[in-house]
Amino acid sequence: MSEQEHADDTESVTAATSERLVELAKRRGYFFQSSGAYGGVGGFYTFGPQGAALKGNVEDAWRDRFAVAEGNMEIDAPTIMPEPVFEASGHLDGFDDMLVECPECGESHRADHVVEDNTEYEDAESLPIPEVEEVIAEYELVCPSCGAGLAGQAVETFNLMFATNIGPGDSDPGYMRPETAQGIFVEFPRLKEYARNQLPFGVTQIGRAYRNEISPRRSIIRTREFTQAELEYFIDPETDEPDLSSVEDVEVTLYPASEQNAEDGDEIRTTIGDAVEDGIISSPWVAYFLGVAKPWYDAVGVDMDRFRFRQHLSGERAHYASDCWDAESEIDGNWIEMAGFAYRGDYDLSKHGEHSDDRFTIFKQYDEPKTVERATVDPDMSYLGPEFGGDAQAVVQQLEDLAARDRSAFDGDVVEIDLEGETREIPVEKTGFAVEEQTEAGEHITPHVIEPSFGVDRLVYTVLHHAYREDEVDGEERTYLDLEPEVAPTFVGVFPLQNDDELEAQANEIVADLREVGLSVTYDDSGNIGRRYRRQDEVGTPFCVTVDYETVENEETTVTVRERDTTDQKRLPVDDLAETLSAIREGDLEFDEL
RNA sequence: GCGCGGAUGGUCUAGUGGUAGGACCUGAGCCUUCCAAGCUCAUGGCCCGGGUUCAAAUCCCGGUCCGCGCACCA
274 MSEQEHADDT ESVTAATSER LVELAKRRGY FFQSSGAYGG VGGFYTFGPQ
324 GAALKGNVED AWRDRFAVAE GNMEIDAPTI MPEPVFEASG HLDGFDDMLV
374 ECPECGESHR ADHVVEDNTE YEDAESLPIP EVEEVIAEYE LVCPSCGAGL
424 AGQAVETFNL MFATNIGPGD SDPGYMRPET AQGIFVEFPR LKEYARNQLP
474 FGVTQIGRAY RNEISPRRSI IRTREFTQAE LEYFIDPETD EPDLSSVEDV
524 EVTLYPASEQ NAEDGDEIRT TIGDAVEDGI ISSPWVAYFL GVAKPWYDAV
574 GVDMDRFRFR QHLSGERAHY ASDCWDAESE IDGNWIEMAG FAYRGDYDLS
624 KHGEHSDDRF TIFKQYDEPK TVERATVDPD MSYLGPEFGG DAQAVVQQLE
674 DLAARDRSAF DGDVVEIDLE GETREIPVEK TGFAVEEQTE AGEHITPHVI
724 EPSFGVDRLV YTVLHHAYRE DEVDGEERTY LDLEPEVAPT FVGVFPLQND
774 DELEAQANEI VADLREVGLS VTYDDSGNIG RRYRRQDEVG TPFCVTVDYE
824 TVENEETTVT VRERDTTDQK RLPVDDLAET LSAIREGDLE FDEL
């Protein structure tokens with residue numbers, strides 16, 4: 274077999290897993306194309322009963338670890354926000370792609386890239402559309418694919434945000450958020466109050482985000498509406514350091530940019546502590562969250578042999594990030610991004626501070642108050658008002674600026690200011706100029722942000738894919754999902770061995786008992802017992818309880834408990850059942866220990 | 001958005017210019033003392049819109065959706 278044939282063969286085998294998984298997902302209610310009755314719509318999926326439960330469990334696990342256990346605050350912001358938010362965040366401009374279509378071959382190309390690659394223009398993206406069209410015509414630029422002239426072709430913009438109107442008319446444009454993060458940043462002034470103005474603090478959000486992708490692909494891996502679980506962790510970059518003691522021994526597989534660029538570069542197996550010490554991960558904060566994330570991914574069922582952290586190459590980083598690592602999982606031989614851990618610096622808070630009326634800063638007290646000399650003005654408005662009319666406020670502004678900048682300007686009898694190109698004189702006595710000693714208790718600083726941002730749908734897909742198993746039981750083929758008990762949609766199935774009033778009554782009692790303690794239970798009395806086991810195997814239910822004749826005949830009431838992966842059975846007293854299964858669900862007990 | 005391929009019950013699939021068959025699943029019943037058994041019965045389908053034709057699920061055109069490649073993924 275040739276190398277090529279062998280590769281094809283391998284691919285078809287792995288791709289088969291994805292195909293079977295997608296088929297299982299449809300059939301058993303994990304996820305499926307939405308709006309199918311109307312022909313479906315690209316990039317939108319509905320999570321069915323099993324999928325919604327799995328996803329909810331994953332979200333709960335995330336909340337437990339990244340909000341509750343870390344002492345962070347969770348919020349729930351709207352998915353639609355007004356245009357100015359995205360002007361500030363940079364999504365309105367930065368999210369705009371200029372596309373030009375070739376009249377010959379039909380290929381679409383980034384117009385700004387075509388211009389930058391073939392002219393002396395360096396930042397074509399910032400040019401207005403008509404100008405880009407002019408440049409293309411002027412330089413007689415051609416299609417990179419086929420060489421046909423592009424002059425005269427319209428340059429279209431495509432913004433990946435879904436646009437809408439807030440209220441009637443189109444005077445108030447709004448957008449579906451392209452990431453949940455902005456919902457947190459925008460509320461920073463209030464959130465810092467809830468944190469009692471103390472850094473560091475973290476805010477989490479689990480919610481939907483929307484991107485009008487040009488071409489959604491690979492089932493729920495790339496969709497137009499998806500769920501993110503994000504943490505924005507705000508720190509004082511001068512003084513805050515993470516406590517790495519709890520994560521320094523966590524072993525990780527890292528794929529740094531330097532290795533990706535190297536000829537024979539490879540992944541590095543190391544620990545969080547060593548990676549920081551060796552400078553592989555430059556930000557200890559990013560390292561901290563990688564260290565928290567890895568065991569968490571393990572716990573929800575990601576195969577650690579198919580998991581790594583990959584550093585972004587310099588060219589692939591977002592406009593806001595100074596360093597970024599992705600958590601990646603391997604699916605069918607491809608690595609897919611499940612989370613990004615970005616050091617966003619003060620980018621977002623600074624932008625919102627500039628664009629809005631609020632302060633996106635934290636007041637940081639000095640250890641000792643500082644005494645500073647400061648020149649101030651307290652203008653006599655009864656003079657300035659009549660003298661300058663509508664310009665009076667501008668004059669006051671100028672005086673304040675001047676006092677701060679050059680107090681010697683107030684040395685004489687008059688101060689000269691420039692008003693719309695005209696020099697005007699103001700008597701110093703009318704300006705209230707004074708040099709005073711002031712004590713400053715601290716300063717306003719803009720916190721830096723570390724953002725662990727998780728894609729929930731991709732994680733759910735990975736968990737299902739990594740859990741997919743095929744084996745044989747007594748010579749019969751079996752498909753099952755090796756889901757962690759913590760995230761499995763259904764925790765236990767309860768069956769009467771046969772259709773028999775007494776067995777059914779007993780089984781129903783057990784169902785009620787188990788539900789009483791909060792377990793997710795399903796009851797099934799259809800078909801023979803083997804079929805029912807296989808049904809639960811296929812959706813990943815970790816345990817099945819069967820009521821048989823021994824249960825109802827013997828003195829001590831007992832049932833069999835069957836474990837999914839091994840199909841092993843143990844007999845347990847009904848009285849302890851709820852407690853025992855709860856303990857397993859919580860991870861305090863193993864089936865083997867029974 | 002471009003190119004290639006595809007679309008038949010819930011799922012997987014056969015099929016022909018003359019209105020569709022199978023397997024599995026599902027439901028009802030029988031049987032059954034722990035792993036997809038058996039028997040009987042039942043529900044359920046040609047992606048959408050045009051065109052050609054006496055007749056279109058089938059041929060042609062357009063669309064939608066899916067998969068792959070290109071581009072895109074802040």
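Note that the first sequence covers residues 274 to 867 in the numbering used here.
Cβ coordinates follow ideal geometry from the N, Cα and C atoms, glycine included.
Being a predicted model, the structure only gives us computed values, none of them experimental.
Within 9 Å, strictly: CB atoms of residue i and residue j
i: V373; j: E429; result: yes
i: R463; j: A350; result: no
i: R579; j: S602; result: yes
i: P473; j: I508; result: yes
i: K637; j: I718; result: yes
i: Q779; j: V834; result: no
i: V733; j: V405; result: no
i: V767; j: C817; result: yes
i: S799; j: P762; result: no
i: E503; j: T544; result: no
i: L657; j: A665; result: yes
i: M354; j: Y448; result: yes
i: T453; j: G480; result: yes
i: I635; j: P758; result: no
i: P642; j: K703; result: no
i: V525; j: R542; result: yes
i: T352; j: A482; result: yes
i: F582; j: A594; result: no
i: L850; j: V812; result: no
Span of the beta strand (DSSP E) around residue i
i: G728; result: 721-728
i: P446; result: 446-449
i: H717; result: 707-718
i: Q306; result: 304-306
i: R581; result: 580-584
i: D596; result: 596-604
i: Y822; result: No beta strand (DSSP E) contains Y822, which is instead part of the alpha helix (DSSP H) from 822-826.
i: V428; result: 428-432
i: N607; result: 607-618
i: I945; result: Given a span of 274 to 867 for the chain in the structure shown, any question on residue 945 remains unanswerable.
i: L845; result: 842-846
Residue burial classification, residue i (beta-carbon count within 10 angstroms, cutoff 16)
i: L563; result: buried
i: T319; result: exposed
i: Q501; result: buried
i: S726; result: buried
i: S285; result: At S285 the pLDDT is 39, less than 50, meaning the model places this residue with poor confidence; the figure from the coordinates comes in the next sentence. Result: exposed.
i: D730; result: buried
i: T283; result: Confidence in T283 is poor, its pLDDT being 37 and thus under 50, which makes the residue's placement too unreliable to answer from.
i: G748; result: exposed
i: E278; result: Here the model assigns E278 a pLDDT of 31, short of 50, so the residue's position is not dependable, and the following value carries that caveat. It is exposed - the Cβ of E278 has fewer than 16 other Cβ atoms within 10 Å.
i: I309; result: Note that residue 309 is Gly in the sequence shown, not Ile. By the 10 Å Cβ count, G309 comes out exposed.
i: F431; result: exposed
i: T712; result: exposed
i: V708; result: exposed
i: D281; result: Unreliable placement is indicated for D281, whose pLDDT of 34 sits below 50; the coordinate value is still reported in the next sentence. Burial call: exposed.
i: V645; result: exposed
i: E498; result: buried
i: E852; result: exposed
Endpoints, the alpha helix (DSSP H) within which residue i is located
i: E775; result: 774-789
i: T795; result: Where T795 is concerned, there is no enclosing alpha helix (DSSP H), although the beta strand (DSSP E) it sits in stretches over 794-796.
i: V387; result: 384-391
i: P462; result: 461-467
i: L754; result: It is not in any alpha helix (DSSP H) - L754 instead sits in the beta strand (DSSP E) that spans 749-754.
Check: residue i C-beta below 8 Å from any heavy atom of the ligand MG
i: A600; result: Here there are no bound small molecules, and the ligand MG is not part of this structure.
**OP:** Taking 8 Å as the threshold, find out whether the region 327-344 comes into contact with the region 354-364 through three or more Cβ pairs.
**Re:** no
Subject >> Sufficient close CB pairs (3 or more, under 8 Å) joining the region 624-633 to the region 603-613 >> reply: no
Original post:
Residue ranges of each beta strand (DSSP E) run of no fewer than 3 residues wholly in the region 628-702, ordered along the chain?
Top reply: Uninterrupted beta strand (DSSP E) stretches at least 3 residues long and entirely within the region 628-702 occur at 635-649, 687-692, 695-700, given in chain order.
Original post:
Would you call the region 690-700 and the region 522-542 in contact, with 3 or more CB pairs under 8 Å?
Top reply: no
**OP:** Answer yes if the region 455-462 comes into contact with the region 322-330, meaning at least three C-beta pairs across the two stretches below 8 Å, and no otherwise.
**Re:** Output reads no: the region 455-462 does not touch the region 322-330.
**OP:** Jot down the residue ranges of each uninterrupted beta strand (DSSP E) in the region 531-595, minimum 3 residues, whole runs only, in chain order.
**Re:** 541-544, 580-584
Original post:
Are three or more beta carbon pairs between the region 734-743 and the region 783-792 nearer than 8 Å?
Top reply: no
Original post:
What residue ranges within the region 316-356 form continuous alpha helix (DSSP H) runs of no fewer than 4 residues, ordered along the chain?
Top reply: 322-335
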